[in-house]
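Colleague:
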Ligand code: PMP
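Numbering (UniProt numbering), first residue to last: 546 to 975.
(1) Considering only heavy atoms of the ligand PMP, does any lie closer than 7 angstroms to the CB of residue 565?
(2) Counting only the same chain and skipping the five closest in sequence on each side, list residues whose C-beta sits under 6 angstroms from that of residue 920.
(3) Strictly by DSSP, which residues pair up with residue 584?
(4) What are the residues that DSSP puts in a beta bridge with residue 750?
(5) Looking at residue 791: is its Cβ nearer than 8 angstroms to the Cβ of residue 751?
(6) Any idea what DSSP makes of residue 942, helix, strand or coil?
(7) Grab me the residues of residue 761's own chain with a C-beta within less than 7 angstroms of its C-beta, minus the 5 sequence neighbours each way, in chain order.
(8) Taking C-beta to C-beta, are residue 852 and residue 614 nearer than 8 angstroms?
(9) For residue 655, report the span of its alpha helix (DSSP H) as first-last.
(10) Considering just the uninterrupted stretch of the beta strand (DSSP E) at residue 813, what are its terminal residues?
(11) Should residue 734 be labelled buried (16 or more other beta-carbon atoms within 10 Å of its own) or exposed?
(12) Using beta-carbon positions only, say whether residue 964 and residue 885 come within less than 8 angstroms of one another.
(13) Looking at residue 599 and residue 862, is the spacing between their C-beta atoms short of 8 angstroms?
(14) Excluding the 5 residues flanking residue 705 on each side, which residues of the same chain have their C-beta closer than 6 angstroms to its C-beta?
(15) Determine, using beta-carbon pairs with one atom in the segment 867 to 886 and one in the segment 792 to 811, whether at least three such pairs fall under 8 angstroms.
(16) For residue 649 and residue 633, which I take to be in contact (beta-carbon distance under 8 angstroms), what is that distance rounded to the nearest angstrom?
(17) Along the chain, where does the alpha helix (DSSP H) that runs through residue 926 open and close?
(18) Given that a residue counts as buried once 16 or more other Cβ atoms are within 10 Å of its Cβ, and exposed if not, what is residue 841?
(19) What whole-angstrom Cβ distance do residue 594 and residue 827 have, given they're in contact under 8 angstroms?
(20) Cutting at 7 angstroms between CB atoms, please list the residues of its own chain near residue 666, excluding the five before and the five after it.
(21) Would you check if there are 3 or more beta carbon pairs closer than 8 angstroms linking the segment 654 to 665 to the segment 680 to 695?
(22) May I have a chain-ordered list of the beta strand (DSSP E) segments no shorter than 3 residues that lie completely inside the segment 722 to 772?
(23) Take every Cβ of the segment 766 to 777, pair it with every Cβ of the segment 720 to 740, and state whether three or more of those distances are shorter than 8 angstroms.
(24) Could you check how far apart the C-beta atoms of residue 976 and residue 802 are, in whole angstroms? I think they sit under 8 angstroms.
(25) In whole angstroms, what separates the C-alpha of residue 605 from that of residue 643?
(26) Looking at residue 629 and residue 978, is the spacing between their C-beta atoms short of 8 angstroms?
(27) Taking the alpha helix (DSSP H) that residue 648 belongs to, which residues open and close that run?
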């Protein structure tokens, strides 16, 4: 049997089954370089789905910095070393004015859990609004605000009663579409808030991705967050921007996703790209919100903000700046989007290309009027792309959107390679 098949059966032995395997016959990856991954036989694959490695794979400067810090010191964050203060200062400097206080954790789920705890501690209330179609993590509280049925088919039956799901502001296939969509979606949030008002229990906060990644990379309707934030704040609630996937330069045009909506949240959660694969996450917030947690005791995470994690975080920022990766995401991302849109003119299966920068979602539909999702086709297209040397996976509640989130160092030749591979696959007749 090929080595990767042997590995698949080995995985079945002691590795827990719910840990998803995205392909029937995945290549066994051994090594990475920039936007490419190489299997054990040395075959190259273009990694178009990696939303964690923003610098690209195998970056020698990062590897050297990690190695050096490991050889000097890596330890429990209870000790006193400079990196934790330096990295916190740099994160706070990246955030809008007023968001000057940082917690360092190890993942996006942890960041979201902590953000929710802060909202509860700060307001003394419990109810939280979350969008339908959302994914915010796997830990108990982050899972509670995750409503996506693609990730968890029973998501909507198993919400605790403090979670209040609001209509997904999906302007492509949601209840309200196009230019006038904002009012309908804002009114839907107002209805849910009115019920919470009636209950007399109050509102702790609102959490959302500011460009809707889990819905396929769809920008929220214009002015949506401004109006929702105002309603939430009028009740003393706090507004959480989950930037785990959308933030950190991936949009190209903005460093943070919420900038696209012209708002400033009260709490930012970030992870994924900031560690380029090393477990690293953060909550960035206002001093008074951060300090409210003291009423419940102190906050401690053994490895959150460890010396190695902080050095990784700072080196990632250095490399992003030096290599102009956000600008590359903008230029190559916009170029790729235009190519994919042109491809859409020729292929009726392409419903739309959502997003911007290197945060794109190509949505396949069986019919452009009814928008019937082409779920099985999307899975088959991903399999064919793998044959052609491209790693791609579906996203969205109907799993009919290509999740185009490559490393931000993507070369324009690689964007061409992807577009040409997709064109070839689509020409095979669907
Ligand atoms: N929030 C968002 C928007 C995410 O996309 C993810 C991960 N897919 C998470 C939170 C959870 O992050 P992690 O997997 O690092 O726990």
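Idealized CB from N, CA, C, for every residue including glycine.
Modeller: So, from the listed chains and residues:
(1) Walking along the chain shown from the start, residue 565 turns up at place 20. Checking every heavy atom of the ligand PMP against the Cβ of residue 565, none is found closer than 7 angstroms.
(2) To locate residue 920, count along the chain shown from 1; it is residue 375. Cβ neighbours of residue 920 beyond the five flanking positions: 943, 944 and 945.
(3) The residue given as residue 584 occupies position 39 in the chain shown. Residue 584 is bridged to 574.
(4) As a position in the chain shown, residue 750 is number 205, starting the count at 1. Note: residue 750 sits in a beta bridge opposite 673 and 783.
(5) Here the question's residue 791 lines up with position 246 in the chain shown. Here the question's residue 751 lines up with position 206 in the chain shown. No, the pair does not count as a contact, with Cβ atoms beyond the cut-off.
(6) By 1-based counting over the chain shown, the position of residue 942 is 397. Residue state, collapsed to three classes: coil.
(7) In the chain shown, counting from the first residue as 1, residue 761 sits at position 216. Excluding sequence neighbours, residue 761 sits near 899, 906, 908, 940, 941 and 946.
(8) Position 307 of the chain shown holds residue 852. Position 69 of the chain shown holds residue 614. Yes, Cβ-Cβ distance for residue 852 and residue 614 is below 8 angstroms.
(9) Here residue 655 refers to the residue found at position 110 of the chain shown. Note, residue 655: alpha helix (DSSP H), 653 to 668.
(10) On the chain shown, residue 813 is found 268 positions in, with the first residue counted as 1. Element bounds for residue 813: 812 to 815.
(11) For the purposes of this step, residue 734 is identified with residue 189 of the chain shown, where counting begins at 1. Its Cβ being crowded by 16 or more others within 10 Å, residue 734 is buried.
(12) Numbered from its first residue, the chain shown carries residue 964 at position 419. Numbered from its first residue, the chain shown carries residue 885 at position 340. Taking 8 angstroms as the Cβ cut-off, residue 964 and residue 885 qualify as a contacting pair.
(13) For the purposes of this step, residue 862 is taken as the residue at position 317 of the chain shown. For the purposes of this step, residue 599 is taken as the residue at position 54 of the chain shown. Contact: no.
(14) Stepping through the chain shown from its first residue, residue 705 is reached at position 160. Only 689 meet the Cβ criterion.
(15) yes
(16) To locate residue 649, count along the chain shown from 1; it is residue 104. To locate residue 633, count along the chain shown from 1; it is residue 88. The Cβ separation is near 7 angstroms, so the contact holds.
(17) Here residue 926 is taken as the residue at index 381 of the chain shown, counted from 1. First-last of the alpha helix (DSSP H) with residue 926: 920 to 932.
(18) Here residue 841 refers to the residue found at position 296 of the chain shown. When all chains shown are included, residue 841 counts as exposed.
(19) The residue labelled residue 594 in the question sits at position 49 within the chain shown. The residue labelled residue 827 in the question sits at position 282 within the chain shown. Going by Cβ atoms, the distance from residue 594 to residue 827 rounds to 24 angstroms, so no, they are not a contact pair.
(20) For the purposes of this step, residue 666 is identified with residue 121 of the chain shown, where counting begins at 1. Excluding positions up to five away in sequence, the list reads 837, 838, 840 and 841.
(21) yes
(22) 748 to 753
(23) yes
(24) Outside the shown range of the chain (546 to 975) lies residue 976, about which nothing can therefore be said.
(25) Translated into the one-based positions of the chain shown, residue 605 becomes position 60. Translated into the one-based positions of the chain shown, residue 643 becomes position 98. Each residue's Cα considered, the two are about 35 angstroms apart.
(26) In this structure the chain extends from 546 to 975, so residue 978 is not present and cannot be described.
(27) Here residue 648 refers to the residue found at position 103 of the chain shown. Residue 648 -> not in any alpha helix (DSSP H); beta strand (DSSP E) instead, spanning 646 to 650.
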